[in-house]
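Engineer:
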Amino acid sequence: MTNSTQANVRTRIAMTLGDPAGIGPELGAKLLADPRNHEKADIFVLANVSEVQAAAASAGVMIPIVDVAGPDGVQVLDDGTAPATSIQVAEVSKEAGRYALHQLRRALDMAKRGEIDGIVFMPLNKTSLNLAGMHEKDELHWFANYLKYDEFTTEINAIDGLWTARVTSHVAMKDVASLVTASVVTDAIVLIHCLLQEYGVSQPRIGVCALNPHNGENGLFGREEIDSIIPGVKSALSKGVDVQGPYPADTIFLSRKSYDGIVTMYHDQGQIALKVIGFDGAVTLHGGLPVVTTTPAHGTAFNIVGKNLANTASSQNALDAAIAVASRRAASKKNAGVNCTSPVKVTA
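Here my numbering runs 65 ahead of the position in the sequence shown, where the first position is 1.
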């Protein structure tokens, strides 16, 4: 796997250390200390230098900090913000959320200026973010609002070679059925198809979950399959996507080896299955955004902060996914005849 669309161009990745009260700094330090990651991409760390040094010391690693990001080390972009080391660890706080959002804004601003190709951020704490002023339902929608981007987006999760996309996500169950429309089903199918191509799967195989028990039983248990999901699948087929379904949600994951991606209708429909498959190594991608963004698919783990016990598998996979998708984005736009168009230009 190459790390750029051209052999002589290195992929540029911005990293933020997530919630400073959680395990994000430890995870980031361990990734930044690994020389194999310096070979893969130019890595820019958005943090206070003292914060990076403290994280390295706590994790027992050495991070090579250089003036210009490259194979020899990482570049820390310190804007003079007060170091997060003064924030109480293992606790929810407005200060922690404010610091995390500040660094994410910096990363997004770099992306808007064309200075980076992708962003990987360590785990965030939604309560701290909310205390700091993030009132969107999740960070994906906060990203979209900050970028003034109003096209379809959805959270993508990946583990052990299987990716899932959601037609609905962080909404109440009572609202799900009304939000499952043919157009959104099509959007979710095409989006995961395009992201898988950008990741390097040339001909993705996509399966689609039903919403109702027994696939709706020909309308006896609900008409969403007939009125929305099947038309959405047919529309995606007409665009050249290799997609099958809908299939009952309680059996489709038994055939997961037959698919590269599965589209689910609501949050827990896919999340339960993925977490039964495994937890360590899972990655979250923000599908549909004009900026490649990834993060480990786990939380801030306050219970192990400062103990040097954080498992880097998900964080490493998140970094690798950001590099892979960012480096292939331009090359994968027109694969397989599907209109994987360029993302809408973000508003400055």
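Backbone N, C-alpha and C fix where the C-beta goes; we use that ideal spot for every residue, glycine too. Source: prediction; values computed, not measured.
Whose C-alpha, out of 199, 250 and 241, is nearest the C-alpha of residue 293?
Structural biologist: 250
Engineer: On the criterion of 16 or more Cβ atoms from any shown chain inside 10 Å, does residue 323 qualify as buried, or is it exposed?
Structural biologist: Taking every protein chain shown into account, the CB of residue 323 has fewer than 16 other CB atoms within 10 angstroms, so this residue is exposed.
Engineer: Within its chain, find whatever has a CB closer than 6 Å to the CB of residue 211; leave out the 5 residues flanking it on each side and keep chain order.
Structural biologist: 173
Engineer: Which residues mark the beginning and the end of the beta strand (DSSP E) in which residue 222 is found?
Structural biologist: 219-224
Engineer: Using CA coordinates, which residue listed in 228, 233, 225 and 226 is at the minimum distance from residue 219?
Structural biologist: Ranking 228, 233, 225 and 226 by CA distance to the CA of residue 219 puts 233 first.
Engineer: Mind checking which residues open and close the alpha helix (DSSP H) that includes residue 175?
Structural biologist: 159-177
Engineer: Buried or exposed: which applies to residue 85, given that a residue is buried once 16 or more other Cβ atoms fall within 10 Å of its Cβ?
Structural biologist: buried
Engineer: Return the bridge partner residues of residue 240 from the DSSP annotation.
Structural biologist: Answer is none; residue 240 lacks a bridge partner.
Engineer: Run through the DSSP bridge pairs and tell me what residue 270 is partnered with.
Structural biologist: 307
Engineer: Determine the DSSP secondary structure at residue 350, reduced to helix, strand or coil.
Structural biologist: strand
Engineer: Compare the Cα-Cα distances from residue 297 to each of 371, 117, 310 and 287 and report the closest residue.
Structural biologist: 310
Engineer: Could you tell me if residue 188 is buried or exposed, where buried requires 16 or more neighbouring beta carbons within 10 angstroms of its beta carbon?
Structural biologist: buried
Engineer: Can at least three beta-carbon pairs, one atom from the region 338-347 and one from the region 161-168, be found at a separation below 8 Å?
Structural biologist: When C-beta atoms of the region 338-347 are compared with those of the region 161-168, fewer than three pairs fall below 8 Å, so the two segments do not count as touching.
Engineer: What three-state label does DSSP hand residue 78 in the structure shown?
Structural biologist: Three-state DSSP puts residue 78 in a strand.
Engineer: List the whole-angstrom C-beta distance separating residue 135 from residue 107, where the pair is believed to meet the contact cut-off of C-beta under 8 Å.
Structural biologist: The C-beta distance from residue 135 to residue 107 rounds to 6 Å, short enough to meet the 8 Å contact threshold.
Engineer: Would you kindly work out how many angstroms separate the C-alpha atoms of residue 83 and residue 262, rounded to a whole number?
Structural biologist: Their Cα atoms are separated by approximately 28 Å.
Engineer: Do the CB positions of residue 124 and residue 94 come within less than 9 Å of each other?
Structural biologist: yes
Engineer: Rounded to a whole number of angstroms, what is the C-alpha to C-alpha distance between residue 362 and residue 253?
Structural biologist: 19 Å
Engineer: To the nearest angstrom, how far is the alpha carbon of residue 355 from that of residue 179?
Structural biologist: If you draw a straight line from the Cα of residue 355 to the Cα of residue 179, it comes to about 11 Å.
Engineer: Drop a sphere of 10 angstroms on the beta-carbon of residue 269, count the other beta-carbons inside from all chains shown, and report buried for 16 or more, exposed for fewer.
Structural biologist: buried
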